[in-house]
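Under my numbering, think of the first position of the sequence shown as 2, with each following residue one higher. The beta carbon of each residue, even a glycine, is placed where N, CA and C say it ideally should be. Note that the structure is a prediction, hence the values are computed from the model and not measured.
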Amino acid sequence: MLRMRCAIGESFLAKKDEAWIIITHHNVYSLLSLSTSQHITDTTTATTTKTTTNQVRSCGSPGEVINGQYHLSGIVFGAKAVALCDTGYTLVGSGVRNCLVGGWDGRVPVCEVVKCGKPPTIVNGGPVIPPEDEYSYGSVVEYSCENDYTLVGTRSIACDKDGEFQPAPPECRMVSCPTPVVENGVRTEGRLPPYTHKSFVTYKCKDGYKMEGMASLTCEIEGWSAPDPICKDRVPGPGPPAARGHAGKIAGGVIGGLVCVCIIGFIIYKFKGRTKSYLL
């Protein structure tokens, strides 16, 4: 014979040769047994025999958590079910349920989607799309800029799991580029100044000049897409001094040769004239 007694306000769970006795404050439970069924209350002495065989009560499923799941330690008396919400969802109320003699306590936990307020505004920017008072986790908004302003940064931001928009919003800047300086060149395409974001110009060199660099330029956020082109003179300059000296020698030789020929011819002419006078 096994005798057990609990003081008022205490709970007791004992096992002796497959016999279970459960006493809980302010509650009356039935001792589950294949052979006997007894009622036990506070300050009541429970008596059972070693031959009594009892069944441990199962609480079954604690229910389904929408947008979440349970972490279970078991499903029998004394077990716990702890609710965990999916990313982007937050727990409302208690997330813990206990398996008692009467089943799971509490209610099935609720996981609500995380919300973000209105996204940050930007200077010289237009309204965000779509315009809402609040946004759910994962919602995306897009920014735009007023005329003559350029959007710098990420156009889209999203509501994250912490209820904040990420990444940081973009900026709207006034982008301008200086007028290119291309000496001995003329503009063939593109607009006149002022040059704003994505303006483009194309140049060509005047006759007798050759271009070095890019002929077409585009105004980007940080300035022109390439350095100003350069137009260089195509006409070659005078040759090196050595070449000029060599040419002078050749010219001198030719002139000297002609002078010699003339002198020889004159001498022959004179000689023939004298011969004729002697014969007469």
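- For Val124, the closest C-alpha among the options Ser177, Val115, Thr151 and Lys199 is that of Thr151.
- In the three-state reduction of the DSSP assignment, Ser137 falls in the strand class, which pools E and B.
- Apart from the 5 residues on each side of it in sequence, Val93 sits with its Cβ closer than 7 angstroms to the Cβ of Val111 and Glu113 in its chain, given in chain order.
- In the three-state reduction of the DSSP assignment, Asp87 falls in the coil class, being assigned neither a helical nor a strand state.
- Cβ neighbours of Trp225 within its own chain (closer than 6 angstroms, five residues either side excluded): Cys178 and Leu218.
- Boundaries of the beta strand (DSSP E) around Ile231: Ile231 to Asp234.
- Around Tyr136, the same chain offers Cys117 and Cys160 as residues with beta carbons nearer than 6 angstroms, after the five sequence neighbours per side are excluded.
- Taking 8 angstroms as the cut-off, the beta carbon of Gly209 is found closer than this to the beta carbon of Arg235.
- Annotated three-state conformation of Phe78 is coil, per DSSP.
- Under the three-state reduction of DSSP, Lys199 is assigned to coil, being neither helix nor strand.
- Sequence-distant Cβ neighbours of Ala84 in its own chain, meaning closer than 7 angstroms and more than five residues away, are Val66, Gly69, Tyr71, Leu92, Gly96 and Pro110.
- Excluding the 5 residues flanking it on each side, Glu172 has same chain C-beta neighbours closer than 7 angstroms at Ile123, Val153 and Gly154, in chain order.
- Under the criterion of beta carbons closer than 8 angstroms, Phe166 and Pro121 qualify as touching, at roughly 7 angstroms.
- Straight across, the Cα-Cα distance linking Phe201 with Lys233 is about 23 angstroms.
- For Ser62, same chain residues with a beta-carbon under 8 angstroms away, outside a window of 5 residues either side, are Ile76 in chain order.
- Nearest Cα to Arg108 within the set Ser74, Lys81 and Gly64: Gly64.
- According to DSSP, Val111 shares a beta bridge with Val93.
- Out of Arg192, Val187, Ser140 and His198, the CA that lies nearest to the CA of Lys207 is found in Val187.
- Sequence-distant Cβ neighbours of Val182 in its own chain, meaning closer than 6 angstroms and more than five residues away, are Asp229.
- As computed with DSSP, Asn99 is found in a beta bridge with Lys81.
- Residue state for Thr155 is assigned as coil, using DSSP reduced to three classes.
- Taking a contact as a CB-CB distance under 8 angstroms, the pair Tyr144 and Gly126 counts as one, their CB atoms being some 6 angstroms apart.
- By the C-beta density criterion, Pro170 is buried, having at least 16 other C-beta atoms within 10 angstroms.
- Counting of Cβ neighbours within 10 angstroms places Val141 among the exposed residues, the total staying below 16.
- Judged by their CB atoms, Lys205 and Thr180 are not nearer to each other than the 8 angstroms cut-off.
- Burial check for Arg98: the Cβ neighbour count within 10 Å reaches 16 or more, so the residue is buried.
- In the three-state reduction of the DSSP assignment, Tyr150 falls in the coil class.
- Counting the other Cβ atoms within 10 Å of the Cβ of Val129 gives 16 or more, which makes it buried.
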